[in-house]
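Report on one structure; see the data block that follows.
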Amino acid sequence: MLICEGEAGGDYYALMTEAMHRLLLERGVLAPEDVDTLVADLTAPNSGWGARVVARAWVDPGFKARLLADGRAGCAELGYPVREAQLVVLENTPALHNLVVCTLCSCYPRSLLGQPPWWYVSKAYRARAVREPRAVLAELGYVLPESVKLRVHDSNADLRYLVLPMRPAGTEGWDEAALAACIGRDALVGAAPARVP
Amino acid sequence: MSNPESPRGYHDIGGDPAGPVEKRETVPADWAMLSEALRNAMHRRHGNLTLDELRRSFETMGQELYAALGFYERRAEALARLLEEKGVLTRAEITARMEAIAAARGQKVDHAARVIGSAPR
Numbered sequence: 001m002l003i004c005e006g007e008a009g010g011d012y013y014a015l016m017t018e019a020m021h022r023l024l025l026e027r028g029v030l031a032p033e034d035v036d037t038l039v040a041d042l043t044a045p046n047s048g049w050g051a052r053v054v055a056r057a058w059v060d061p062g063f064k065a066r067l068l069a070d071g072r073a074g075c076a077e078l079g080y081p082v083r084e085a086q087l088v089v090l091e092n093t094p095a096l097h098n099l100v101v102c103t104l105c106s107c108y109p110r111s112l113l114g115q116p117p118w119w120y121v122s123k124a125y126r127a128r129a130v131r132e133p134r135a136v137l138a139e140l141g142y143v144l145p146e147s148v149k150l151r152v153h154d155s156n157a158d159l160r161y162l163v164l165p166m167r168p169a170g171t172e173g174w175d176e177a178a179l180a181a182c183i184g185r186d187a188l189v190g191a192a193p194a195r196v197p
Numbered sequence: 001m002s003n004p005e006s007p008r009g010y011h012d013i014g015g016d017p018a019g020p021v022e023k024r025e026t027v028p029a030d031w032a033m034l035s036e037a038l039r040n041a042m043h044r045r046h047g048n049l050t051l052d053e054l055r056r057s058f059e060t061m062g063q064e065l066y067a068a069l070g071f072y073e074r075r076a077e078a079l080a081r082l083l084e085e086k087g088v089l090t091r092a093e094i095t096a097r098m099e100a101i102a103a104a105r106g107q108k109v110d111h112a113a114r115v116i117g118s119a120p121r
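Residue numbers (the working numbering), protein chains in the order written: chain A, 1 to 197; chain B, 1 to 121.
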């Protein structure tokens, strides 16, 4: 049996969420500002934050060493608090590429990168990324050379990953903002390389 | 595939065969973010409804439901179950309010099919 992602119930659960929200506010279980603050916390982080962390690591070897030693402390230096779990930073090299998955659920460094892409939480990715990662990468548009070793990291509730992609050739002397523009969302979990835009 | 000699949870799908990975881009709906925020707010204000509890809820709601629902739908269903389990809101209170909101919009709710439709004239 092939595993497919469900699609059912969007309108139904939108209404259920509205009902739960109204009831919780009416009964004083939650205050409006509780919910508003947390919606803002959920929607503020984005892959641009992760790109800035990577760009800093590319230009500052001391920062890179600290980031690789303790991902959460490194992100905090740039003002990004990673709240949900430990953060391990995985460095790609010419010989080794890292890919991140969460086979059990959808663990992702949301407080840094925001909500994960649809394909990341899809059951097809969760199931197959650990069995045939090169094929999965190709489906996502990245054909990894056979000579490069591929390591897959399975996230969990207490441990999240950020990939530090390789700096593209031809970017010598670029400033951090220009470098950050080379780093897309998918590169931060190893599903794409960093690329000159 | 589940192996009766070594039973796994239905959510434990790493390594199973599955279809192609679709590179679809969808932004989570506002209601999905609200549902996530409700769970986070309950945790922050009252110390219950942890993420681990949410996972336990959708990992025990039954394979059929887990398979049928989308990602955020599954989590909203788990939230409703936890609110009832914690004695915060009953399912009956939630569904009654859903029907009242829908009725005010000229809609009706089919809870069995989990769909909202136009009310018969």
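Ideal Cβ positions, reconstructed from N, Cα and C, are used throughout, including at glycine.
Looking at the DSSP output, G117 (chain B) sits in a beta bridge with B:K108. Taking 8 Å as the threshold, the shortest C-beta distance from G50 (chain A) to chain B does not fall below it. Of the residues assessed, A41 (chain B) falls on the buried side of the cut-off, its CB having 16 or more other CB atoms within 10 angstroms.
Assigned with DSSP and collapsed to three states, R22 (chain A) falls in helix. The three-state reading of DSSP puts N98 (chain A) in strand, counting E and B together. Taking the C-beta atoms as reference points, D30 (chain B) is found no nearer than 8 Å to L104 (chain A). The C-alpha of V59 (chain A) is placed about 12 Å away from the C-alpha of A178 (chain A). Here N92 (chain A) carries a coil assignment [DSSP, helix/strand/coil]. Residue environment: P117 (chain A) is assigned as buried (16 or more neighbouring CB atoms within 10 Å of its CB, all protein chains considered). Between C182 (chain A) and R8 (chain B), the alpha-carbon positions lie close to 41 Å from each other. A Cβ of chain A is located within less than 8 Å of the beta carbon of P28 (chain B). The Cβ atoms of Y120 (chain A) and V189 (chain A) lie closer than 8 Å to each other. Neighbourhood of R83 (chain A) in chain B, by CB distance below 7 Å: empty, with the nearest CB roughly 10 Å away. For A95 (chain A), the closest C-alpha among the options A:M16, A:R151, A:V89, A:R27 is that of A:R151.
For H46 (chain B), the closest of B:G106, B:G87, B:V109, B:A100 by C-alpha to C-alpha distance is B:G87.
The beta carbon of R134 (chain A) sits closer than 7 Å to those of L144, L150, all from its chain and outside the five residues before and after it, given in chain order. Any Cβ of chain B closer than 8 Å to the Cβ of M20 (chain A) would place that residue at the interface, and such an atom is present. Around the beta carbon of T17 (chain A), 16 or more other beta carbons lie within 10 angstroms, which makes this residue buried. The DSSP-derived three-state label of L38 (chain B) is helix.
CA-CA distance, C75 (chain A) to P45 (chain A), rounds to 12 Å. The region 106 to 114 of chain A makes contact with the region 155 to 168 of chain A: 3 or more CB pairs, one atom from each, lie closer than 8 Å. Taking P28 (chain B) as reference, the option from A:T43, A:A55, A:L15, A:S155 with the minimal CA-CA separation is A:T43.
Distance check between F58 (chain B) and each of B:G117, B:D110, B:Y10 places B:Y10 closest, using alpha-carbon atoms only. For E146 (chain A) and D186 (chain A), the gap between their C-alpha atoms comes out near 20 Å. Here the alpha carbon of A104 (chain B) sits roughly 25 Å from the alpha carbon of A31 (chain A). In this structure, DSSP gives L113 (chain A) a helical state, which the three-state scheme calls helix. Under a criterion of Cβ atoms nearer than 7 Å, the residues of chain A adjacent to M98 (chain B) are, in order, L15, M16, A19. The continuous stretches of beta strand (DSSP E) do not include R27 (chain A), and DSSP gives it neither H nor E.
Residues of the same chain with a CB within less than 7 Å of the CB of T171 (chain A), apart from the 5 flanking positions on each side, are L179, C182, V196 in chain order. Just so you know, the alpha carbons of A76 (chain B) and R56 (chain A) end up roughly 38 Å apart.
Nearest CB-CB separation between L79 (chain B) and chain A: below the 8 Å threshold. Check the Cα spacing between L83 (chain B) and each of A:A19, A:L87, A:V136: the tightest is with A:A19.
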